[in-house]
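Colleague: The following block contains the structure, expressed as structure tokens.
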Amino acid sequence: MNRFEGKVVVVTGSSRGIGGSIALAFAREGAQIVGVARSKQDDVKAEAGEKYLAVPFDLGGASNDKIASFIGDVLKQFGRIDVLINNAGIIRRAPAVEFSEADWNDVLRVNLTVPFILCQQAAKWWLKSGGRDRAAAEDRLRMINIASLLSFQGGILVPAYAASKHGIAGITKALANEWAKERINVNAVAPGYVETENTRPLREDPVRNSAILSRIPQGAWARPDAIAGACLYLASRDADYVNGCILNVDGGWLAR
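Quick note: to get the numbering used here, add 415 to the position in the sequence shown (first position is 1).
Here is the structure:
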């Protein structure tokens, strides 16, 4: 299928794991990918092919003006953004009484502030260019934020991460409320436990792995392409009437 032929899809945190899988899924469906990451994207780019533009960019360390300039550069090069996927995120672990202000600020910056600025800048372009009025019947600007199980739960030793992921769920709904009438769809995907390098220590710990699997009704960890599939859906015409949704992809974890 080439559902996204001619579409421009921006994916942050695209060098590996969930972000890499999302970028590859859209590339396989014909999209032009703009992959944004601090680390090298050679493996993803090699698999995605010529329609993959790798942009080395430390979003967390960049000023708001530089983030706005990045969106401007994408628009200058491609003339449009069809899908924005805010996947980049960080986590810091420490007891709440010891959690540093620096760690708090870093996590909130990358996980919440940066996605908001990217959404804001993309929406400014869409509204300024008359997106709602000039768009073909099938055209929409679609934004997908990557939330978390900790958009609903508190977790342990991750106060800033939990706060940021609750926040990303909230801002997803708030922006959908404002922009739905403008033919902008803002949704989020909340992954459960996913097989990535970040979760390898948990999967290799027999006690933790067993405890996690016993809680998941499907009895298995998700693969990154499960999250990519949810993003493909939310970016497709099948989801035209889906707005402000936090789509759980967790094997039933939150249903327990």
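C-beta atoms are modelled at their ideal positions from N, C-alpha and C, and glycine is treated no differently.
Helix or strand or just coil, what does DSSP make of ALA477?
Modeller: The three-state secondary structure of ALA477, taken from DSSP, is coil.
Colleague: What three-state label does DSSP hand GLN633 in the structure shown?
Modeller: coil
Colleague: ILE571 lies in the alpha helix (DSSP H); which residues open and close that run?
Modeller: Premise fails: ILE571 is in no alpha helix (DSSP H) and is neither H nor E.
Colleague: Can you give the Cα-Cα distance for LEU523 and ALA575, rounded to whole angstroms?
Modeller: 7 Å
Colleague: For ASN602, write down the residues that DSSP places opposite it in a beta bridge.
Modeller: ILE559
Colleague: Per DSSP, what kind of secondary structure is ALA645 in: helix, strand or coil?
Modeller: helix
Colleague: Could you pull the start and end residues of the alpha helix (DSSP H) that VAL529 belongs to?
Modeller: Residues 529-543.
Colleague: Hey, out of LYS481, GLU612, GLU420, ALA562, whose CA is closest to ILE496's CA?
Modeller: GLU420
Colleague: Counting along the chain, where does the alpha helix (DSSP H) carrying GLY435 start and finish?
Modeller: 432-443
Colleague: Does the segment 559-574 come close enough to the segment 445-464 to have 3 or more Cβ pairs within less than 8 Å?
Modeller: These segments do not touch.
Colleague: What residues match up with ASN501 in a beta bridge as DSSP calls it?
Modeller: ASN560
Colleague: Tell me the DSSP secondary structure of THR427 in three-state form.
Modeller: strand
Colleague: Under the assumption that LEU474 contacts VAL525 (Cβ atoms under 8 Å), give the Cβ distance between them as a whole number of angstroms.
Modeller: In this structure LEU474 is in contact with VAL525, their Cβ atoms being roughly 7 Å apart against a cut-off of 8 Å.
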